[in-house]
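Its first residue numbered 41, the sequence shown is counted upward by one per residue in the numbering used here. Glycine included, C-beta positions come from ideal geometry on N, C-alpha and C. Since we're looking at a predicted model, the values are computed, not measured. First the structure, in the form of structure tokens, and then the observations on it.
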Amino acid sequence: MLAGVPEPVTVRVPAKINLALQVGQLRPDGYHDLATVFQAVSLYDEVTATPATGISVAVAGEGADTVPSGPENIAYRAAQALAADVDAPGGVALEIAKGIPVAGGMAGGSADAAGTLVACDALWGTNCDRGELTALAARLGSDVPFLLRGGTALGTSRGEILADVLARGTYHWVLALADGGLSTPEVYAAFDRLGSATGPGPDGVLAALRTGRAEDLAEVLVNDLQPAAISLRPSLSRVLDAGADIGALGGVVSGSGPTVALLASSAEHAAGLAAQLAGLGVCRTVRRAYGPVAGARVVDVTAR
Ligand code: C5P
Numbered sequence: 041m042l043a044g045v046p047e048p049v050t051v052r053v054p055a056k057i058n059l060a061l062q063v064g065q066l067r068p069d070g071y072h073d074l075a076t077v078f079q080a081v082s083l084y085d086e087v088t089a090t091p092a093t094g095i096s097v098a099v100a101g102e103g104a105d106t107v108p109s110g111p112e113n114i115a116y117r118a119a120q121a122l123a124a125d126v127d128a129p130g131g132v133a134l135e136i137a138k139g140i141p142v143a144g145g146m147a148g149g150s151a152d153a154a155g156t157l158v159a160c161d162a163l164w165g166t167n168c169d170r171g172e173l174t175a176l177a178a179r180l181g182s183d184v185p186f187l188l189r190g191g192t193a194l195g196t197s198r199g200e201i202l203a204d205v206l207a208r209g210t211y212h213w214v215l216a217l218a219d220g221g222l223s224t225p226e227v228y229a230a231f232d233r234l235g236s237a238t239g240p241g242p243d244g245v246l247a248a249l250r251t252g253r254a255e256d257l258a259e260v261l262v263n264d265l266q267p268a269a270i271s272l273r274p275s276l277s278r279v280l281d282a283g284a285d286i287g288a289l290g291g292v293v294s295g296s297g298p299t300v301a302l303l304a305s306s307a308e309h310a311a312g313l314a315a316q317l318a319g320l321g322v323c324r325t326v327r328r329a330y331g332p333v334a335g336a337r338v339v340d341v342t343a344r
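Structure, rendered in structure tokens:
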């Protein structure tokens with residue numbers, strides 16, 4: 041390394057599944073009040089921050105061609121916001137390696153924003169505490185604070201106010217990835233148009249997580265956005281039906297979709313379900329993941 045030139049920083053940041061997503065009224069600010077239980081799962085994006093003059097974003101991996109690379113990219117805005125907040129010079133070249141499906145309802149964009157905050161904070165040596173980063177994260181997007189934190193958490197308000205939950209066990213998921221994404225605002229608009237009902241909320245999920253039994257959790261997975269997502273993408277019903285047919289414990293559309301998350305009883309069960317689901321041809325591709333996992337963290341790339 042050249043004297044005085046910081047080394048690049050790489051941050052790994054997970055995707056999320058909403059185990060419960062209860063959607064309330066449309067608020068005057070254009071958001072809906074939520075009560076949601078987030079779980080961070082082991083699909084990751086990596087954000088690498090390298091010293092540069094000005095801000096740039098390059099995106100690689102599946103679906104990268106559909107992700108903007110200018111100021112419309114939430115990672116760009118995250119770097120800009122941190123620089124403004126801490127009065128840093130704010131130069132950074134961001135490289136994002138996508139492992140989280142783009143526009144898939146798993147918070148890939150929010151993950152990149154969370155990863156960028158942690159990466160730039162380390163690169164610039166600004167040493168923000170978690171509270172400062174969380175406040176910045178909440179300004180960038182409703183899911184960004186959770187991706188900083190990871191694990192399992194209850195989210196309220198827009199989803200950005202987080203509380204600890206008691207969660208036991210590790211859960212094994214099979215994720216059915218769709219061809220093409222869904223726009224989150226469009227799914228919320230469909231929710232309003234359909235006059236969708238507000239469902240039972242997170243209590244059942246919170247109780248199941250205390251037992252640590254996947255069978256209990258499977259019974260209570262709930263997503264109020266699911267009918268809206270299916271109205272925009274009717275083929276999602278076939279994926280959910282296929283999951284039930286092949287013996288998944290339960291299934292739910294992830295967030296605003298179109299990814300469908302199927303719950304398995306073990307890693308072995310997930311492997312079997314994934315192979316069967318891939319053979320049915322009801323989705324573009326299949327991934328496995330487990331949760332909960334940690335939020336955005338600097339990784340030591342020299343240890344690889
Ligand atoms: O906060 P974020 O930018 O991720 O939200 C994207 C869009 O999703 C919002 O503009 C809004 O249309 C919708 N949304 C909502 N209520 C929430 C979170 C998101 O209506 N609580």
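Reduced DSSP secondary structure (H/G/I, E/B, other) of residue i
| i | result |
| --- | --- |
| Glu226 | helix |
| Glu47 | coil |
| Ala254 | helix |
| Ile140 | coil |
| Ala75 | strand |
| Leu280 | helix |
| Ser271 | helix |
| Cys318 | Looking at the sequence shown, residue 318 is not Cys but Ala. Three-state DSSP puts Ala318 in a helix. |
| Leu313 | helix |
| Thr238 | coil |
| Leu246 | helix |
| Ala307 | helix |
| Val333 | coil |
| Asp204 | strand |
| Asp69 | coil |
| Asp285 | helix |
| Ala343 | helix |
| Asp85 | strand |
| Arg327 | strand |
Contact belief for residue i with residue j at Cβ below 8 Å, rounded distance in angstroms
| i | j | result |
| --- | --- | --- |
| Gly139 | Asp85 | 6 Å |
| Ser294 | Met146 | 5 Å |
| Ala218 | Thr299 | 7 Å |
| Gly144 | Gly221 | 6 Å |
| Gly130 | Gln120 | 7 Å |
| Val262 | Gly239 | 5 Å |
Straight-line Cα distance separating residue j from residue i
| i | j | result |
| --- | --- | --- |
| Val51 | Gly44 | 21 Å |
| Ala301 | Glu259 | 14 Å |
| Ala178 | Val97 | 21 Å |
| Ala151 | Gly319 | 30 Å |
| Leu163 | Leu83 | 24 Å |
| Gln316 | Pro141 | 21 Å |
| Thr196 | Asp73 | 7 Å |
| Leu265 | Ala237 | 10 Å |
| Leu313 | Asp285 | 10 Å |
| Gln79 | Val158 | 20 Å |
| Leu59 | Ala193 | 10 Å |
| Ala343 | Pro332 | 23 Å |
| Val87 | Leu61 | 28 Å |
Top-ranked residue by Cα proximity to residue i, from the options
| i | options | result |
| --- | --- | --- |
| Val81 | Val339, Leu215 and Ala133 | Leu215 |
| Val31 | Arg337, Ile114 and Thr342 | Outside the modelled stretch of the chain, which goes from 41 to 344, sits residue 31, for which no answer is possible. |
| Gly241 | Ser306, Gly312, Val63 and Arg208 | Val63 |
| Ser271 | Gly239, Asp232 and Ala247 | Asp232 |
| Thr251 | Val279, Ala284 and Val205 | Val205 |
| Pro225 | Val262, Ala60, Leu246 and Ala269 | Ala269 |
| Ala154 | Val77, Arg189 and Gly171 | Arg189 |
| Arg327 | Arg67, His212, Pro46 and Gly335 | His212 |
| Ile114 | Leu249, Ser296 and Val99 | Val99 |
| Glu308 | Ala288, Gly321, Arg324 and Cys323 | Ala288 |
Cβ of residue i within 9 Å of any chain D Cβ
| i | result |
| --- | --- |
| Ser294 | Here there is only one protein chain, and chain D is not present. |
- Residue ranges of each alpha helix (DSSP H) within the region 100-129, 4 or longer: Correct list: 114-126.
- Could you name each continuous beta strand (DSSP E) segment of 3 residues or more that falls completely within the region 130-202, going from the start of the chain to the end? Complete beta strand (DSSP E) runs here, min 3: 132-138 and 192-197.
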